[in-house]
Amino acid sequence: MSMPTIPQESFRPTLEEAVIDLLKSIAMEETAISHLLNAEAEKTQAFIGRDRNFPSHPTTCDIIKFNQTVIKFVDVIVMKEWLLLRKLETSIEILEREHHEFECEE
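If you use the UniProt record's numbering, the sequence shown corresponds to residues 1 to 106, in order.
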């Protein structure tokens, strides 16, 4: 089995540009998460009703199933937020390490 080869690229971003791209990707993912949370909130409001009168007249079992799906959704969002936090912390560490190495060279 041979090693994969990385093709030459005409443009290689600097470390700082790569970290900026990482930060932009975090911001875009956070925006996507906010849209998902808003959609879930609207779905919950439609299920419960504006006056909390449960307009679809769900059974107790329906309410429990709905609650379980919301819990699963929130669990996924929490996991994703944790991953984004780690991505942010790693990006900061990369910048700090690079800055520290630059100071040591002077």
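Beta carbons are placed, not taken as given, at the ideal position from N, Cα and C, and that holds for glycine.
Selection from the options that minimises the alpha carbon distance to residue i
| i | options | result |
| --- | --- | --- |
| L84 | M28, P4, A18 and H57 | M28 |
| K43 | C61, I20, E30 and N67 | N67 |
| L37 | T90, P4, H99 and V76 | V76 |
| T69 | F47, K80 and R97 | F47 |
Whole-angstrom distance between residue j and residue i, CA atom to CA atom
| i | j | result |
| --- | --- | --- |
| P13 | Q45 | 46 angstroms |
| L22 | P55 | 44 angstroms |
| I71 | I63 | 12 angstroms |
| E58 | R52 | Note that residue 58 corresponds to Pro in the displayed sequence, not to Glu. Those two C-alpha atoms are separated by around 12 angstroms. |
Contact under 7 angstroms by Cβ, residue i with residue j
| i | j | result |
| --- | --- | --- |
| L95 | I26 | no |
Delimiting residues of the alpha helix (DSSP H) encompassing residue i
| i | result |
| --- | --- |
| Q8 | First-last for Q8: undefined, no H or E at that position. |
| F47 | L15 to I48 |
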